[in-house]
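Undergrad: Before I ask anything, let me first share the structure, which is written out below as structure tokens.
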Ligand code: HEC
Ligand code: HEC
Ligand code: HEC
Ligand code: HEC
Ligand code: HEC
Ligand code: HEC
Ligand code: HEC
Ligand code: HEC
Ligand code: HEC
């Protein structure tokens, strides 16, 4: 059923393309002599053709003519824009609010305005630097499409490579004093792992942090605050912590000081404490006159105790499960305990013992409960086994007694 309607849909789409092709000399003639990667072939994947626009809408010229020289001389023929003129070329429609509204009322029309505020836009439009990105470096030409389609150059899965075309080019980046390791770093990060290994589209790619067209993504005044758009709890804790003001005064970038921006690694407990590789010791020492080291030691010890308590609780619970006891309650507590450990790690972003310790202590209580609960279940198991032994002994005696009784009766 599904297959049939799919085939039908394909036939409809194909004949629609054929009809418009027959009416469009540009397409038919170009398709005749162009290779597979020519505009007339690529364009089947382009949203403009899919929405009913043609070669003429972008390039101008008279589509009824059957000679290219005549086309070039025909009215409105724009030809091909230079690299620098591409933004204006695309914006002739995309910044025309009335025109865009007729096609798609929800489509923003601020791409060129925003592009002008970006490093790319400033470099190209003011300095004529053609090494930076213009609209088609990110969107391709003749294969332009919405970011929702998996084959689009702006689909989240493809963005790192789209930006990487230039930003992973060592020669090109050297000229600007920029690192060409961005792509590699991103791929090695927790975010890259979430995207590539788990297909998690909520993980940020380049444009989620840097914005599509503008200097900074929507909703954040500066790139420094961008992590908070997704990691709201850590961000709020940080903003109420002693580091907030201290980092601003010293020009340390908020989260990036400890986590970096592109190669964000999986956090580990050893990052906090009083000796390498703890991050705290990079800036704090026992005699710096602050409570930094004291706090680092306190949080680190609380985390160590909690991890230890968690593994003991898990061992006890596993034994009770193995003995086939009803462990639903203990398992539920175990879940709460795991949550407590996660939240204690999150809470450390307050960099304040008074805020971290109560959360860790709650976790310790949960660990105790799991251990106690499991121990009771295990005791019950042995008690029942003992009980079972005694009962079967009594039964054996009874049966033997009965046997002698019956024999006695039979003899009589
Ligand atoms: C009869 C065949 C034919 C028709 C019809 C035709 N073209 Fe072309 N077009 C060509 C050829 C051949 C070239 C040159 C290719 C080359 O130089 O490699 C070309 C080149 C172009 C170029 C590159 C820039 C330039 O001026 O050389 C553009 C853009 C273009 N055509 C757009 C169009 C559009 C738009 C239409 C319809 C209004 C159209 N063509 C109709 C054959 C055709
Ligand atoms: C959304 C606008 C748009 C549409 C629709 C479009 N083009 Fe283009 N085309 C461009 C732009 C922009 C360039 C400049 C590319 C560059 O600078 O690399 C270009 C370049 C070209 C070129 C010369 C360079 C090349 O890529 O070979 C040809 C030929 C061409 N287009 C033909 C066509 C034909 C034929 C169609 C219809 C099947 C078409 N274009 C539809 C925007 C468009
Ligand atoms: C002739 C007018 C016109 C020109 C020129 C034009 N576009 Fe478009 N563009 C449209 C229309 C119309 C749509 C489809 C809107 C809809 O119906 O959703 C569209 C859609 C798009 C989309 C998909 C947006 C989305 O997410 O749904 C992108 C991306 C895009 N255009 C980029 C470009 C780029 C880049 C250029 C320059 C190479 C360009 N356009 C030139 C009219 C134009
Ligand atoms: C540095 C790369 C880059 C450049 C340069 C760029 N875009 Fe985009 N554009 C994107 C990305 C990425 C998206 C997709 C955002 C999403 O929906 O995830 C996008 C989305 C769009 C959309 C869909 C509507 C919207 O605003 O989200 C249109 C239309 C568009 N771009 C047109 C343009 C035009 C016109 C230019 C040139 C003035 C341009 N873009 C330059 C990367 C770029
Ligand atoms: C066509 C090549 C090209 C593409 C594609 C490209 N860029 Fe760039 N970008 C450059 C160049 C070259 C510079 C250096 C400009 C300068 O510093 O003057 C730059 C600069 C930047 C900067 C500013 C760096 C600074 O100086 O602080 C950021 C951020 C950036 N690009 C992000 C992106 C993102 C995100 C994408 C993809 C959505 C992207 N770029 C796609 C070439 C490109
Ligand atoms: C999780 C957010 C995030 C992601 C994802 C991200 N960036 Fe960045 N990027 C940043 C931050 C934050 C900075 C530092 C800005 C500053 O120091 O002002 C930065 C800096 C840059 C710079 C400036 C030069 C440099 O090396 O410091 C470039 C270029 C850049 N990023 C490109 C990219 C590209 C390309 C991608 C995708 C492969 C990407 N970024 C992914 C957050 C991100
Ligand atoms: C667009 C949303 C988004 C933005 C922006 C973002 N992240 Fe993430 N982050 C995620 C997602 C999704 C995960 C994956 C969570 C998981 O592992 O399941 C993640 C994971 C992490 C992890 C690992 C957490 C763990 O427990 O393993 C760290 C650390 C991290 N991000 C730090 C940052 C920093 C620092 C920034 C800013 C430079 C940032 N993130 C920006 C969404 C985001
Ligand atoms: C002073 C250093 C430092 C700063 C600044 C910092 N973090 Fe962390 N972060 C850590 C340490 C240490 C851990 C390790 C926790 C563990 O695994 O024991 C961590 C763990 C994390 C985690 C994983 C645990 C969790 O909370 O889920 C995320 C996500 C995270 N940080 C995000 C952020 C964000 C977002 C910011 C900025 C608002 C930030 N961090 C600022 C030191 C820092
Ligand atoms: C990049 C440097 C840097 C790193 C890394 C860092 N701190 Fe700090 N921290 C500071 C600065 C600067 C201050 C402000 C000191 C002052 O008030 O003189 C501060 C203040 C503090 C304070 C408040 C001290 C007081 O007495 O008011 C605590 C607590 C603290 N940090 C804990 C930590 C912990 C725990 C870590 C490790 C996870 C850490 N810091 C990592 C730079 C850093």
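Residue numbers (our numbering): 21 to 432. Where a beta carbon is used, it is the ideal one built from N, C-alpha and C, also for glycine.
What residue does the alpha helix (DSSP H) around residue 352 start on, and which one ends it?
TA: Boundaries of the alpha helix (DSSP H) around residue 352: 348-367.
Undergrad: Quick check: the Cα distance between residue 353 and residue 337, rounded to an integer number of angstroms?
TA: Taking the straight line from one Cα to the other gives about 10 angstroms.
Undergrad: Within 10 angstroms of its Cβ, does residue 90 collect 16 or more other Cβ (buried), or is it exposed?
TA: With fewer than 16 other Cβ atoms within 10 Å, it is exposed.
Undergrad: Any heavy atom of ligand 5 closer than 8 angstroms to the beta-carbon of residue 179?
TA: yes
Undergrad: Any contact between the stretch 322-329 and the stretch 348-367? By contact I mean 3 or more CB pairs, one from each, below 8 angstroms.
TA: yes
Undergrad: Measuring alpha carbon to alpha carbon, tell me which residue in 265, 302, 231 is nearest residue 370.
TA: 265
Undergrad: Leaving out five residues before and five after residue 170 in sequence, what residues of the same chain have Cβ atoms less than 6 angstroms from its Cβ?
TA: none
Undergrad: Is residue 260 near ligand 9, judged by its Cβ being under 8 angstroms from some heavy atom?
TA: no
Undergrad: Report the rounded CA-to-CA distance for residue 376 versus residue 253, giving the unit in angstroms.
TA: Between the C-alpha atoms of residue 376 and residue 253 there is a straight-line separation of about 14 angstroms.
Undergrad: Could you tell me how far apart the beta carbons of residue 99 and residue 114 are, in whole angstroms, since I believe they sit closer than 8 angstroms?
TA: That belief does not hold up - the Cβ atoms of residue 99 and residue 114 are roughly 19 angstroms apart, past 8 angstroms.
Undergrad: What separation, rounded to the nearest whole angstrom, lies between the Cα atoms of residue 345 and residue 383?
TA: 24 angstroms
Undergrad: What residue ranges within the stretch 67-123 form continuous alpha helix (DSSP H) runs of no fewer than 4 residues, ordered along the chain?
TA: 67-70, 75-79, 88-93, 106-114, 117-123
Undergrad: When you compare only the Cα positions, how much space is there between residue 174 and residue 157?
TA: 11 angstroms
Undergrad: Count the C-beta pairs between the stretch 394-405 and the stretch 286-298 that are closer than 8 angstroms, then say yes if the count reaches three, no if not.
TA: The stretch 394-405 is not in contact with the stretch 286-298.
Undergrad: Contact between the stretch 242-250 and the stretch 269-282: three or more CB pairs below 8 angstroms?
TA: yes
Undergrad: Please list the terminal residues of the continuous alpha helix (DSSP H) segment that includes residue 325.
TA: 312-342
Undergrad: Under 5 angstroms, CB to any heavy atom of ligand 4. Which residues pass, going along the chain?
TA: In chain order, the hits are 107, 110, 114, 128, 131, 132, 135, 153, 155, 158, 167, 174, 227, 232.
Undergrad: Regarding residue 211 and ligand 7, is the C-beta to nearest heavy atom distance less than 8 angstroms?
TA: yes
Undergrad: Keeping to the same chain, check which residues put their C-beta closer than 8 angstroms to that of residue 54; ignore five residues upstream and five downstream.
TA: 60, 61
Undergrad: For ligand 5, I want to know if residue 196 counts as a neighbour, meaning its beta carbon is within less than 8 angstroms of at least one of the ligand's heavy atoms.
TA: yes
Undergrad: State the start and end residues of the unbroken alpha helix (DSSP H) segment that holds residue 345.
TA: Careful: residue 345 lies outside any alpha helix (DSSP H) and carries neither H nor E.
Undergrad: For the stretch 173-192 and the stretch 131-142, state whether three or more C-beta atom pairs, one from each stretch, are separated by less than 8 angstroms.
TA: no
Undergrad: I want to check one thing, is the minimum distance from the CB of residue 50 to the heavy atoms of ligand 2 below 8 angstroms?
TA: yes
Undergrad: Could you check if residue 386 is buried or exposed, using at least 16 other CB atoms within 10 Å of its CB as the buried criterion?
TA: Buried, since its Cβ has 16 or more Cβ neighbours within 10 Å.
Undergrad: Look at the Cβ atom of residue 14, then the Cβ atom of residue 211, and state whether they are nearer than 9 angstroms.
TA: This structure gives no information on residue 14, because the portion of the chain shown stretches from 21 to 432.
Undergrad: May I ask whether a heavy atom of ligand 3 can be found less than 8 angstroms away from the beta carbon of residue 215?
TA: For residue 215, the CB stays at least 8 angstroms from every heavy atom of ligand 3.
Undergrad: Whole angstroms are fine: how far does the CA of residue 193 sit from the CA of residue 97?
TA: 37 angstroms
Undergrad: When DSSP labels each residue in this structure, what does residue 54 get in the three-state scheme?
TA: coil
Undergrad: Note down the Cα distance separating residue 309 from residue 366, rounded to an integer number of angstroms.
TA: 26 angstroms
Undergrad: May I ask you to check if the CB of residue 78 is nearer than 8 angstroms to at least one heavy atom of ligand 3?
TA: yes
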